[in-house]
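Only one structure is covered here, and it is reproduced in the block below.
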Amino acid sequence: MRIRTVDAFTARPYRGNPAAVALLDGDAFPADERLQRIAGELNLSETAFAHPLPGDAEADWALRWFTPAAEVDLCGHATLATAHVLNEDGIGVGTVRFRTRSGVLSAAAPGGAITLDFPTAPLTHRPAPPGLAAALGTEPVSVYDTGPLGDLLVELTDEETLRALAPDSSAVRGLPHRGVIVTALAGPSPDGAREDGDGETGTGRYDYVSRMFAPSVGIPEDPVTGSAHTALAPLWSGRLGRDSLTGLQCSARTGLVRTTLRGGRTELTGDAVTVLDAKLCAGW
């Protein structure tokens, strides 16, 4: 089986979020246990498996996502990576529709960057759950439930606090959510410039910052989380009064996600680059 590793939400290799992509022959997935074992072996934040749907009028490919520990309902960067691979192979030019556990999702690649069409996460303001401040090591400004996304969205005081965060993974794992998204408004730079997700500097390249911690599904910190931006987009678009924004995820690898809020849908736009093309030789 051919497997490619794609760095998503970046235009440069070894940045963004790496995802493994396997395009399967036939019209069905192998056993779940086999898919999970492969994802565990690859040990990336997500491995995407896809097979064609020749008889489906609504979708072109079936798509599933696995962390090293569990299958997930929604993943942005591995969807972007899959669309990138299809586009590279010449079989996903234009718009590709994926049937997933979160419904039919589309990816448009008119040339260059890829735009995903995802459901917007509904935000509900709520009190901070017990133990949250201790788990993060800082007091939240506000806390939101993200509905079906299953994550907790936590606003922090500023970008500097967010970048310096060193949460207790075991305590975060004990919180009653899949993961914790932390975010803050982009802070001013002393010289008026900011470093973007590709290590370049410019003025006003991003509007807000975030990080994502999901140790309960085997990801202590996710490098760049597309799905989290379906919650970040309505929060910051509502605050800043603009439908189109750019978010920087401040992991060690960093990455940029351009978001456009369209009511019940959120468009996530980013670049991708293939860094590895390999063959799985055993256990398939």
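Residue 554 is where the sequence shown starts when you use my numbering, and the numbers rise one by one after that. Glycine included, each C-beta is placed from N, C-alpha and C at the ideal position. All figures in this text were calculated on a predicted structure; none of them were measured in a lab.
Are V855 and A737 close, meaning C-beta to C-beta below 8 Å?
Given a span of 554 to 837 for the chain in the structure shown, any question on residue 855 remains unanswerable.
In angstroms, rounded to a whole number, what distance separates the CA positions of R838 and V735?
No information on residue 838 is available, as it lies outside the stretch 554 to 837 that the chain covers here.
Run through the DSSP bridge pairs and tell me what N570 is partnered with.
A561
Between the Cα of L595 and the Cα atoms of A575, A612, D609, which residue gives the shortest distance?
A575
Can the beta-carbon of A622 be found closer than 8 Å to that of G823?
Contact: no.
Would you kindly check if the distance between the Cβ of V725 and the Cβ of P768 is under 8 Å?
Closer than 8 Å, so yes.
Spatial distance of S804 from T827 (CA atoms)
20 Å
Would you decide whether P720 is buried or exposed? Buried here means 16 or more other CB atoms lie within 10 Å of its CB.
Buried is the call here.
Give me the residue from D760, A615, T691, A636 with the minimum Cα distance to T668.
A636
Relative to the C-alpha of G732, which candidate in P701, C834, E820, E641 has its C-alpha closest?
P701
Sequence-distant residues of its chain with Cβ nearer than 6 Å to T653 (five each side left out)
Beyond the five residues adjoining it in sequence on each side, T653 comes within less than 6 Å, by CB distance, of L616 in the same chain, given in chain order.
Considering only their Cβ atoms, is the gap separating T691 from L718 smaller than 8 Å?
yes
Contact check, L785 vs G800 under 8 Å by CB: the rounded distance?
6 Å
Hey, out of W614, A610, S598, L597, whose CA is closest to H604's CA?
W614
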